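Novice:
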Amino acid sequence: MDRRIRVLIAKPGLDGHDRGAKVVARALRDAGMEVIYTGLRQTPEMIVSAAIQEDVDAIGLSILSGAHMHYFREVKRLLEEQGASDILVFGGGIIPDEDVPKLQELGVAAVFGPGTSTQEIVDFLKRAVPERWQAQGLA
Numbered sequence: 001m002d003r004r005i006r007v008l009i010a011k012p013g014l015d016g017h018d019r020g021a022k023v024v025a026r027a028l029r030d031a032g033m034e035v036i037y038t039g040l041r042q043t044p045e046m047i048v049s050a051a052i053q054e055d056v057d058a059i060g061l062s063i064l065s066g067a068h069m070h071y072f073r074e075v076k077r078l079l080e081e082q083g084a085s086d087i088l089v090f091g092g093g094i095i096p097d098e099d100v101p102k103l104q105e106l107g108v109a110a111v112f113g114p115g116t117s118t119q120e121i122v123d124f125l126k127r128a129v130p131e132r133w134q135a136q137g138l139a
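Numbered according to UniProt numbering, the sequence shown spans residues 1 to 139.
(1) Starting from ILE63, trace the beta strand (DSSP E) in both directions and tell me its first and last residue.
(2) In three-state terms, what does DSSP make of GLY39?
(3) Helix, strand or coil for ALA84 per DSSP?
(4) I need the boundaries of the beta strand (DSSP E) containing residue 142, first residue and last residue.
(5) At which residues does the beta strand (DSSP E) containing ALA10 begin and terminate?
(6) Would you identify the three-state DSSP class for VAL23, choosing helix, strand or coil?
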């Protein structure tokens with residue numbers, strides 16, 4: 001199956017710094033993925049609605065504000081409510097190491113901190129998304 005990975009990159013909340021999100025979005029696009037960048041100041045509802053409308057395989061949240069637990073929890077909850085829990089959720093930004101296991105318990109597939117190479121994120125998605133397709137019988 002020659003299917004392109006579709007990823008939505010989102011900046012939830014009031015944080016106005018999106019350089020990292022744009023760098024990741026460009027790297028994913030350059031790696032052959034279809035990328036939808038929602039822009040700044042998105043609510044969890046806006047993010048999930050866009051993800052469902054765009055039929056994405058993954059959502060990447062970029063969070064620098066310290067509100068990561070709230071935003072990841074809300075996005076995961078809304079995906080579940082909308083019957084879209086098959087969409088992989090990952091993220092990055094300023095997230096304390098001690099919160100990573102809590103995010104993983106919520107079902108966040110990966111957390112990438114400052115200094116992570118874009119290639120690491122690309123490699124993760126190229127591995128994780130096709131694994132999900134296969135588990136869902138789509139590959």
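Ideal Cβ positions, reconstructed from N, Cα and C, are used throughout, including at glycine. Please read these numbers as outputs of a predicted model, since none were measured by experiment.
Specialist: On the basis of the supplied data:
(1) 58 to 63
(2) Correct three-state label for GLY39: coil.
(3) coil
(4) Since the displayed the chain opens at 1 and closes at 139, residue 142 lies outside it and no answer follows.
(5) 6 to 10
(6) helix
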